[in-house]
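2 protein chains.
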Amino acid sequence: MDVLAKLSEVGRKVDPVMERYLRRNLSDEFADVVLHQVKTGGKRIRPALTITCCRAVGGDEGDALPAAAAIELIHNYSLIFDDIIDHGEFRRGRPTVRKAYGDVMAMLAGLHYREAIAEAINDCRNPLKLHELIARTIKDVIEGERLDVLFEQAGRAGEPYVVRHRRLEVSMDDYLRMIRLKTASLISAACVAGGLVADASPEQLRALEEYGTSVGMAFQIADDILDIFGEEREIGKKRGKDIVEHKLGNVVVLLSLEELAEELRGELLSILRSESVSEEGVERAIELIASTKARERAYSLGEGYVRRAVEALRALPESDDRRLLEELAEFVIRRRF
Amino acid sequence: MDVLAKLSEVGRKVDPVMERYLRRNLSDEFADVVLHQVKTGGKRIRPALTITCCRAVGGDEGDALPAAAAIELIHNYSLIFDDIIDHGEFRRGRPTVRKAYGDVMAMLAGLHYREAIAEAINDCRNPLKLHELIARTIKDVIEGERLDVLFEQAGRAGEPYVVRHRRLEVSMDDYLRMIRLKTASLISAACVAGGLVADASPEQLRALEEYGTSVGMAFQIADDILDIFGEEREIGKKRGKDIVEHKLGNVVVLLSLEELAEELRGELLSILRSESVSEEGVERAIELIASTKARERAYSLGEGYVRRAVEALRALPESDDRRLLEELAEFVIRRRF
Numbered sequence: 045m046d047v048l049a050k051l052s053e054v055g056r057k058v059d060p061v062m063e064r065y066l067r068r069n070l071s072d073e074f075a076d077v078v079l080h081q082v083k084t085g086g087k088r089i090r091p092a093l094t095i096t097c098c099r100a101v102g103g104d105e106g107d108a109l110p111a112a113a114a115i116e117l118i119h120n121y122s123l124i125f126d127d128i129i130d131h132g133e134f135r136r137g138r139p140t141v142r143k144a145y146g147d148v149m150a151m152l153a154g155l156h157y158r159e160a161i162a163e164a165i166n167d168c169r170n171p172l173k174l175h176e177l178i179a180r181t182i183k184d185v186i187e188g189e190r191l192d193v194l195f196e197q198a199g200r201a202g203e204p205y206v207v208r209h210r211r212l213e214v215s216m217d218d219y220l221r222m223i224r225l226k227t228a229s230l231i232s233a234a235c236v237a238g239g240l241v242a243d244a245s246p247e248q249l250r251a252l253e254e255y256g257t258s259v260g261m262a263f264q265i266a267d268d269i270l271d272i273f274g275e276e277r278e279i280g281k282k283r284g285k286d287i288v289e290h291k292l293g294n295v296v297v298l299l300s301l302e303e304l305a306e307e308l309r310g311e312l313l314s315i316l317r318s319e320s321v322s323e324e325g326v327e328r329a330i331e332l333i334a335s336t337k338a339r340e341r342a343y344s345l346g347e348g349y350v351r352r353a354v355e356a357l358r359a360l361p362e363s364d365d366r367r368l369l370e371e372l373a374e375f376v377i378r379r380r381f
Numbered sequence: 045m046d047v048l049a050k051l052s053e054v055g056r057k058v059d060p061v062m063e064r065y066l067r068r069n070l071s072d073e074f075a076d077v078v079l080h081q082v083k084t085g086g087k088r089i090r091p092a093l094t095i096t097c098c099r100a101v102g103g104d105e106g107d108a109l110p111a112a113a114a115i116e117l118i119h120n121y122s123l124i125f126d127d128i129i130d131h132g133e134f135r136r137g138r139p140t141v142r143k144a145y146g147d148v149m150a151m152l153a154g155l156h157y158r159e160a161i162a163e164a165i166n167d168c169r170n171p172l173k174l175h176e177l178i179a180r181t182i183k184d185v186i187e188g189e190r191l192d193v194l195f196e197q198a199g200r201a202g203e204p205y206v207v208r209h210r211r212l213e214v215s216m217d218d219y220l221r222m223i224r225l226k227t228a229s230l231i232s233a234a235c236v237a238g239g240l241v242a243d244a245s246p247e248q249l250r251a252l253e254e255y256g257t258s259v260g261m262a263f264q265i266a267d268d269i270l271d272i273f274g275e276e277r278e279i280g281k282k283r284g285k286d287i288v289e290h291k292l293g294n295v296v297v298l299l300s301l302e303e304l305a306e307e308l309r310g311e312l313l314s315i316l317r318s319e320s321v322s323e324e325g326v327e328r329a330i331e332l333i334a335s336t337k338a339r340e341r342a343y344s345l346g347e348g349y350v351r352r353a354v355e356a357l358r359a360l361p362e363s364d365d366r367r368l369l370e371e372l373a374e375f376v377i378r379r380r381f
């Protein structure tokens with residue numbers, strides 16, 4: 045069994061737990077809307093990290109379950125709002141909550157998730173530390189999402205504030221800060237949460253945080269590469285979605301801009317900045333990016349984070365769980381979906 | 045000084061506390077967007093209730109402040125999303141967050157509020173009970189908002205699910221359930237939170253809950269009456285906003301429908317059900333409602349809740365604070381804004 049299958053099997057244990065918290069104080073009539081998001085599936089990597097990190101520092105899997113459920117609920121909470129913000133219609137081949145029930149119901153369902161998260165955390169060991177971790181993490185994710193929107197090069201004509209404040213230049217530092225907030229922060233919290241419910245030492249908690257942050261950075265970098273170069277049947281969505289969404293916050297786009305000669309650089313930017321990006325536009329953008337070394341350089345960048353992740357794990361005792369975490373870090377950058 | 049001025053003075057003490065939690069882990073660039081909502085003012089009645097209820101059961105005002113801040117943050121959190129859902133442009137004469145910064149930024153700011161709420165609760169006495177109370181309460185508010193939307197008689201053409209599920213008949217029981225969830229639940233939580241931080245007895249907590257729920261019911265009933273019959277310069281908004289928004293979930297509308305003869309009843313419903321309600325439509329609807337005893341009957345209904353609220357207070361020792369709570373209950377139904 046490969047690392048992803050192993051982790052997904054662990055992660056799926058939170059499904060009934062998530063459902064229990066979502067169903068608490070939920071009217072029958074609203075249940076379909078609320079449960080839609082968690083029923084669209086997902087690899088359940090984040091809760092698997094919580095459970096595996098808990099075990100890797102000597103904790104009990106049972107203690108990790110409500111925390112792991114809270115973490116996966118946060119991920120799904122962010123996806124519901126992400127889809128509202130980006131007008132997303134399909135995810136993993138299924139209609140998004142907003143597509144199935146409209147923006148208003150999706151928003152209300154999303155807000156309900158946040159309360160299920162609070163209830164799950166309340167049932168954990170060290171609940172106050174977890175509440176604090178989760179509040180800080182969600183604030184990070186919100187700020188990351190805000191930056192990601194501001195890094196878009198066109199669109200959102202109905203939002204004058206966004207149009208006025210968008211960033212026409214995005215540095216590699218800006219990008220790394222954005223993905224640290226948007227993606228790595230929650231993956232890091234997944235790992236730290238596993239440590240907290242196992243009463244891990246401060247040194248172990250630091251190691252889990254460093255591991256999770258680095259894995260998260262590598263994960264997002266791989267996601268960006270797949271968006272531009274992935275096989276559509278493997279990634280389950282249209283290639284170049286980031287280009288259609290005018291996103292400068294994609295590492296291969298950014299790295300290719302560094303390399304392209306003035307004129308071609310201008311051409312790529314003008315595609316990103318056109319009000320509506322055609323299929324030919326997407327193809328041409330991918331061609332321009334592919335003419336540079338951006339893909340390989342993005343991989344090297346991701347591999348650097350993987351090395352850091354594996355090094356951080358040295359602070360933990362050797363075990364099958366630690367080995368699984370190492371394997372995951374290496375898988376994350378090689379993955380094809 | 046009248047009861048409202050007294051309570052507002054108490055309630056305003058949470059302003060710096062709210063700001064502190066909102067500013068935690070907040071980027072400078074996002075601060076204006078996030079702080080906009082709490083800076084639009086408001087009477088601060090809910091946090092005043094938390095503080096006064098805490099004192100009324102022998103607690104210390106200082107212990108009540110973070111809980112009171114959390115309660116007022118919840119109110120503002122709900123207003124941000126309310127305005128997104130109802131496309132609200134002005135509130136208390138100032139632009140709403142979505143009007144000033146667009147729906148996307150308003151949504152992200154709203155989500156940030158929820159984390160400030162969690163952080164404030166974490167700093168309270170009895171934090172776990174408060175986290176639970178708040179999660180249950182916000183789930184209630186969401187369900188109340190969902191019902192309020194489904195009680196609309198037209199509009200939301202872009203949301204097929206809402207259109208398909210709207211309630212063309214709303215009974216008085218449906219209405220009372222909706223306002224209990226949408227409005228009374230949070231006012232009740234404001235009172236119970238004050239009790240929890242003061243280590244109130246189970247009997248006192250029950251009394252505070254009953255008081256808060258009853259005051260909340262009376263408050264919403266008065267709000268509905270003011271929407272139809274208030275003086276615009278006093279209520280600070282257009283009269284008949286509920287009619288423009290096709291709301292059957294307004295007590296005077298509902299009570300008038302019980303009384304109106306078949307034909308006039310049909311006329312009022314057809315105004316509520318027209319895609320766009322004209323100014324003449326609003327005037328005619330108000331005229332139809334005014335031709336019934338709905339206004340007086342709504343007042344009696346509200347006064348019944350006020351009596352229940354005052355009776356509930358008998359479980360608390362006599363004090364200036366208890367007297368203030370009594371005065372508030374009586375004020376709520378008589379208020380003109």
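Residue numbers (this note's numbering), protein chains in the order written: chain A, 45 to 381; chain B, 45 to 381. Note that CB positions come from ideal geometry on N, CA and C, so glycine has one too.
Supposed close pair residue i, residue j - CB separation, criterion 8 Å
i: residue 227/A; j: residue 202/A; result: With a Cβ gap of about 27 Å, residue 227/A and residue 202/A do not count as contacting.
i: residue 169/B; j: residue 58/B; result: Contact doesn't hold; Cβ gap of about 16 Å is too wide.
i: residue 236/B; j: residue 249/B; result: 6 Å
i: residue 129/B; j: residue 151/A; result: 7 Å
i: residue 101/B; j: residue 360/B; result: 6 Å
i: residue 179/B; j: residue 113/B; result: Rounded, the Cβ-Cβ distance is 17 Å, inconsistent with contact.
Chain-ordered neighbours of residue i on chain A, where CB pairs are closer than 9 Å
i: residue 193/B; result: 148, 149, 152
i: residue 170/B; result: Chain A residues near residue 170/B: none, gap ~12 Å exceeds 9 Å.
i: residue 125/B; result: 151, 152, 155
Assigned secondary structure, residue i (DSSP; H/G/I helix, E/B strand, else coil)
i: residue 195/A; result: coil
i: residue 281/A; result: coil
i: residue 382/B; result: The structure shown does not extend to residue 382/B, since chain B is modelled only from 45 to 381, so the question has no answer here.
i: residue 138/B; result: strand
i: residue 183/B; result: helix
i: residue 337/A; result: coil
Chain B contact residues for residue i, given Cβ-Cβ distances below 8 Å
i: residue 134/A; result: In chain order: nothing, as chain B lies at least about 17 Å away.
i: residue 182/A; result: 155, 158, 159
Residue i at chain A interface by Cβ criterion, 8 Å
i: residue 223/B; result: no
i: residue 205/B; result: yes
i: residue 129/B; result: yes
i: residue 74/B; result: yes
i: residue 273/B; result: no
CB contact below 8 Å: residue i versus chain B
i: residue 190/A; result: yes
i: residue 229/A; result: no
i: residue 219/A; result: no
i: residue 289/A; result: no
i: residue 163/A; result: yes
i: residue 315/A; result: no
i: residue 85/A; result: no
i: residue 260/A; result: no
i: residue 199/A; result: no
Boundaries (first-last residue) of the alpha helix (DSSP H) holding residue i
i: residue 368/A; result: 364-378
i: residue 78/A; result: 72-80
i: residue 232/B; result: 229-241
i: residue 69/B; result: Segment: none, residue 69/B is in no alpha helix (DSSP H) and carries neither H nor E.
i: residue 258/B; result: 246-273
i: residue 155/B; result: 147-166
i: residue 120/A; result: 105-130
i: residue 218/B; result: 216-223
i: residue 322/B; result: Counting along the chain, residue 322/B falls outside any alpha helix (DSSP H), and DSSP gives it neither H nor E.
Chain B residues whose Cβ lies nearer than 7 Å to that of residue i
i: residue 71/A; result: 187
Residue i: contacting residues in chain A (beta-carbon distance under 8 Å)
i: residue 166/B; result: 172, 175, 176, 179
Proximal chain A residues relative to residue i, where beta-carbon distance stays under 7 Å
i: residue 145/B; result: 205
Where residue i meets chain D, residues with beta-carbon distance less than 9 Å
i: residue 256/A; result: Absent from the structure: chain D. Protein chains present are A and B.
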